[in-house]
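Here the structure is laid out as structure tokens; the discussion comes afterwards.
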Amino acid sequence: MSHQQSLTDQPLRILHSEAAVSFGGQEHRILKEMLAMRERGHHIELACRPEAQLVERMRALGFTVHTVPMGGLGNFVRGVLKFRKILKQGRFDVLNTHSRKDTLIAALGARLAGTPLIVRTRHLAAPIGSLLSYSWLPHRISTVSNHVRQMVLEKGVPEYKVRTIYSPVATPETVEQSTLRQELHLSDSAIVVICVAVMRQKKGHIFLINTMLPLFEKYPDLHLVLVGAGSPTYEQVVAFIKEKKVENRVHLMGYRKDVPNLLAGSDIFALATEQEASGTVYVEAQMSGLPVIGTDVGGVSEMFRDGETGILVPGKDRKALENALERLIADPALRQKMSMAAHQWLYDEGGFSTEKLALDTEIAYRIWLAERSGKTGSYTQPRSQ
Numbered sequence: 205m206s207h208q209q210s211l212t213d214q215p216l217r218i219l220h221s222e223a224a225v226s227f228g229g230q231e232h233r234i235l236k237e238m239l240a241m242r243e244r245g246h247h248i249e250l251a252c253r254p255e256a257q258l259v260e261r262m263r264a265l266g267f268t269v270h271t272v273p274m275g276g277l278g279n280f281v282r283g284v285l286k287f288r289k290i291l292k293q294g295r296f297d298v299l300n301t302h303s304r305k306d307t308l309i310a311a312l313g314a315r316l317a318g319t320p321l322i323v324r325t326r327h328l329a330a331p332i333g334s335l336l337s338y339s340w341l342p343h344r345i346s347t348v349s350n351h352v353r354q355m356v357l358e359k360g361v362p363e364y365k366v367r368t369i370y371s372p373v374a375t376p377e378t379v380e381q382s383t384l385r386q387e388l389h390l391s392d393s394a395i396v397v398i399c400v401a402v403m404r405q406k407k408g409h410i411f412l413i414n415t416m417l418p419l420f421e422k423y424p425d426l427h428l429v430l431v432g433a434g435s436p437t438y439e440q441v442v443a444f445i446k447e448k449k450v451e452n453r454v455h456l457m458g459y460r461k462d463v464p465n466l467l468a469g470s471d472i473f474a475l476a477t478e479q480e481a482s483g484t485v486y487v488e489a490q491m492s493g494l495p496v497i498g499t500d501v502g503g504v505s506e507m508f509r510d511g512e513t514g515i516l517v518p519g520k521d522r523k524a525l526e527n528a529l530e531r532l533i534a535d536p537a538l539r540q541k542m543s544m545a546a547h548q549w550l551y552d553e554g555g556f557s558t559e560k561l562a563l564d565t566e567i568a569y570r571i572w573l574a575e576r577s578g579k580t581g582s583y584t585q586p587r588s589q
């Protein structure tokens, strides 16, 4: 077998590591990535803390999960040695780490084991602290958006080492008949703006309501639906709605598991967030047929096509947000046009599919492995499946 064949056709052996114990957006991305890469024929295993929620979830899906205690000096040394053993015995081609703590432990173990490729995935848009888990320990970095990639580059990591691989967004289940308008006693002619986001100050809920106050006066059948929970923001939003006397126009649904059902009963999606690593909720809204309005912060501008599938406005610019909302409120034909453009991009082209995530990840791994082995000329792109 030629070197070229071994680079492009042989299944890869990949170990993922994660130090977090909860199950949030980052862990969900890991789960989707592992499933998608297994689907492409690669051998995938996971290493995380014994108490992590990922342990049972991934074992239930048929993955081998190694448990490694993390935290404290004793666990650090034991963890490094355990990762070295796992990686050597498993003959892994790639270690992909996901948080600072597991990068320090697992990547050091991988260096000692001689693992060919160590990748660190950066999921967050928060300021980057120690460069150790980006520059010396991993060989390459993947990021969830170009915005996050830029943050890594600004820290001094060379450009050739960093590549953006977008998180996939699951296709929402088909909704025959949304229950939203029935639940809220809204007519079919009502115009519903929906915002789906955890209730945190940075998500801009009060800013959005404030921006819509003059529009409520101008359009008597306009409503805003807020889906999400979280103290103390939820209570602050309730108080603000009461103070402005718009209880009959702003509807709080709290935490809901049937988000596609609620999106299907709405006309426009708007989220005036102040900070966002990527913002896949904008993609989910477009997949449900809604034109979107987003703020030009973080990776938001990468989640829709400004002017085609939605409208991008500057952060904290109330007038620009109000104008964008009014454009879509007053123009049903524009809403329909944007909805159709989004369908083309997300369904026909598969812009955020799990298949695309797996293909992009495999391409990145194979290019990086080829670069690391000094055989870049023999790399050919893997087939799309």
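Counting from 205, one number per residue, gives the positions in the sequence shown under the working numbering.
All residues carry an ideal CB built from backbone N, CA and C; glycine is no exception.
This structure is a prediction, so every number in the text was calculated from the model and none was measured.
- Rounded to whole angstroms, the Cβ separation of A329 and V352 is 6 Å, and the two are in contact under 8 Å.
- Residues V379, S382 and S492 of the same chain have their beta carbon placed closer than 6 Å to that of A468, with the five preceding and five following residues left out of the count.
- Just measuring C-alpha positions, the residue of D462, L216 and M262 sitting nearest K236 is M262.
- If you look at S543, you'll find it in the alpha helix (DSSP H) that goes P536 to H547.
- Around the beta-carbon of H389, fewer than 16 other beta-carbon atoms lie within 10 Å, marking it exposed.
- When Cβ pairs closer than 8 Å are counted between the two stretches, the stretch 223-235 is seen to touch the stretch 297-315, the count reaching three or more.
- Note that the stretch 236-248 does not touch the stretch 271-283; fewer than 3 beta-carbon pairs, one per stretch, sit closer than 8 Å.
- Judged by their CB atoms, E512 and A545 are nearer to each other than the 8 Å cut-off.
- The bridge partners DSSP lists for N300 are H220 and V323.
- Per the Cβ contact rule, the stretch 471-487 is not in contact with the stretch 441-451 (fewer than 3 Cβ pairs under 8 Å).
- Distance from the CA of M457 to the CA of V396, rounded to the nearest whole angstrom, comes to 13 Å.
- Annotation for T558: no beta strand (DSSP E) segment contains it, though the alpha helix (DSSP H) segment containing it runs T558 to S577.
- Listed as beta-bridge partners of D510 by DSSP are G514.
- When C-alpha distances from Q490 are compared across Y438, G408, L550 and L466, the shortest belongs to L550.
- When C-alpha distances from L216 are compared across I369, G294 and S557, the shortest belongs to G294.
- A distance of 8 Å or more separates the beta carbons of I369 and D510.
- When DSSP states are grouped into helix, strand and coil, L550 belongs to the helix group.
- No residue range can be given for A476, since it is assigned to no beta strand (DSSP E) and is classified by DSSP as neither H nor E.
- Using a C-beta cut-off of 8 Å, the stretch 522-531 makes no contact with the stretch 338-349, since fewer than three inter-stretch Cβ pairs fall below that distance.
- Between P331 and D297 a beta carbon distance of about 32 Å is seen, past the 8 Å cut, so the two are scored as non-contacting.
- DSSP links R367 through a beta bridge to S346.
- I395 sits in a strand when the DSSP states are folded into three classes.
- Where M457 is concerned, the enclosing beta strand (DSSP E) starts and stops at V454 to G458.
- A straight line joining the alpha-carbon of K406 with that of V487 spans about 19 Å.
- Counting along the chain, G313 sits inside the alpha helix (DSSP H) bounded by residues L312 to A317.
- At a Cβ-Cβ threshold of 8 Å, T477 and V504 count as neighbours.
- Beta-carbon to beta-carbon, F267 and I248 are separated by about 6 Å, close enough to satisfy the 8 Å threshold.
- Pairing L426 with R453, the inter-Cα distance amounts to about 7 Å.
- Checking the DSSP bridge columns, you'll see V269 partnered with L250.
- Proximity to G432 across P376, G408, R344 and L419 peaks at G408, based on C-alpha coordinates.
- Positions of the alpha helix (DSSP H) runs, each at least 4 residues long and wholly inside the stretch 368-436, are given as 384-388 and 409-422 in order along the chain.
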